[in-house]
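The structure appears below as C-alpha cells.
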Amino acid sequence: MYNPTEPRDPRGRWTGGGGGGRDPASILYPNLAPQREDVAYNGVYHDQVVEWLMDVFQSFGIPAVKNVPIATIDGRSTAIVDIISFPKNGPPNFIEVKTGNTPSFTNNQMAVHPMASVGGHVISATDKLAPFGIPRGAPLPAANVWSAYAVPGEELNVRPEYKAMR
43 MYNPTEPRDP
53 RGRWTGGGGG
63 GRDPASILYP
73 NLAPQREDVA
83 YNGVYHDQVV
93 EWLMDVFQSF
103 GIPAVKNVPI
113 ATIDGRSTAI
123 VDIISFPKNG
133 PPNFIEVKTG
143 NTPSFTNNQM
153 AVHPMASVGG
163 HVISATDKLA
173 PFGIPRGAPL
183 PAANVWSAYA
193 VPGEELNVRP
203 EYKAMR
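Here it is in C-alpha cells:
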C-alpha cells in the first residue's frame, strides 16, 4: 500500500529501504536464499543478469517468462519487460534489470509501468503469457514492478518501483 511518508524520488519511486543488496527472489518470495553467481562484464551483461535471474526463479519452481512486450491499452506507449514472474499467491511481478553506472527508465517504461500496477491498463501482443491464463491482447492484472540494479562486483540491488493496486 502507498505510504506518503516513505522516501521517494520525483517520479514516485522508493528511494530507500527497498531491499538493496538482496536477491530479487528473496524479496519477492520469502524463504528463498539463492547464492549470487558472478557474471562476466561485457556488452551482454544485462542479458546475462536476466538469464541468471531466470535460473534463480526456475531453481525454486517459480514460473517466469522473459522479454515480454507490453503496451498501454491505448497503444501510445510500449516497453519490453525483462522478466514477469508469477507467484502462486499474489499478483505478477515485473522485474526490470538495470545495468551501468546511472541506469534509468526509458520514457516508455515510465509510462507503461505505473499503468501495469493499476491492472487492466496494459496488454501484451504475444502468446508468452498464455500459459499463465493471459491470452494475447487481454488486459494484464495489476502487477508489482521491481528494478534489479546490477553492477559487476556488487550485490544485486532490488527496489520496488510500483506496488500492485488490487
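To convert, note that position 150 of the sequence shown is 192 in the numbering used here; the numbers rise steadily by one, no gaps. Quick reminder that beta carbons are idealized off the backbone N, C-alpha and C, glycines included. No experiment lies behind these values; they were computed from the predicted model shown.
Is DSSP giving residue i helix, strand or coil here?
| i | result |
| --- | --- |
| Phe136 | strand |
| Gly63 | Confidence at Gly63 is low in this model, with a pLDDT of 42, below 50, so its placement is unreliable and the value that follows should be read with caution. Three-state DSSP puts Gly63 in coil, outside helix and strand. |
| Val98 | helix |
| Asn143 | coil |
| Ser159 | helix |
| Ala121 | strand |
| Pro202 | strand |
| Arg208 | coil |
| Leu74 | With a pLDDT of 41 at Leu74, under the threshold of 50, the modelled position of that residue is not reliable, and the figure given next carries that caveat. Reduced to three states, the DSSP call for Leu74 is coil. |
Among the options, whose alpha-carbon lies nearest the alpha-carbon of residue i?
| i | options | result |
| --- | --- | --- |
| Val154 | Met207, Ala113, Thr141 and Ala106 | Ala113 |
| Phe128 | Glu203, Ile176, Tyr204 and Val200 | Ile176 |
| Asn131 | Arg201, Val200, Ile104 and Pro156 | Ile104 |
| Pro194 | Trp188, Phe147 and Val139 | Val139 |
| Pro156 | Ser189, Trp94 and Phe102 | Ser189 |
| Lys205 | Gly117, Arg118 and Pro133 | Pro133 |
| Arg118 | Met152, Ser146 and Pro202 | Met152 |
| Val164 | Val187, Arg201 and Ser146 | Val187 |
Looking at the secondary structure, which residues open and close the beta strand (DSSP E) in which residue i lies?
| i | result |
| --- | --- |
| Ser189 | Asn186 to Ala192 |
| Val86 | From DSSP, Val86 is part of no beta strand (DSSP E); its letter is neither H nor E. |
| Glu196 | Where Glu196 is concerned, there is no enclosing beta strand (DSSP E), given that its DSSP letter is neither H nor E. |
| Asn109 | Ala106 to Thr114 |
Could you check whether residue j and residue i sit closer than 8 Å to each other, using their CB atoms as the reference points?
| i | j | result |
| --- | --- | --- |
| Pro183 | Ile115 | no |
| Ala121 | Asn150 | yes |
| Val107 | Lys170 | yes |
| Phe174 | Ala158 | no |
For residue i, which residues from the same chain have a beta carbon less than 6 Å from its beta carbon, with the 5 sequence-adjacent residues on both sides left out?
| i | result |
| --- | --- |
| Thr42 | Residue numbering for the chain in the displayed model covers 43 to 208; residue 42 lies beyond these limits and cannot be assessed. |
| Gly162 | Pro181 |
For the ligand ZN, any of its heavy atoms closer than 7 Å to the Cβ of residue i?
| i | result |
| --- | --- |
| Thr168 | For the ligand ZN, the structure offers nothing, since it holds no ligand at all. |
Tell me which same chain residues have a C-beta within less than 8 Å of the C-beta of residue i, skipping the five on either side of it?
| i | result |
| --- | --- |
| Met96 | Ala106, Lys108 and Ile125 |
| Met207 | Ser159, Val160, Gly161 and Ala184 |
What does a CB cutoff of less than 7 Å around residue i pick up in its chain, not counting 5 residues either side in sequence?
| i | result |
| --- | --- |
| Pro111 | Thr120, Ile122, Ser166, Ala167 and Thr168 |
| Asn143 | none |
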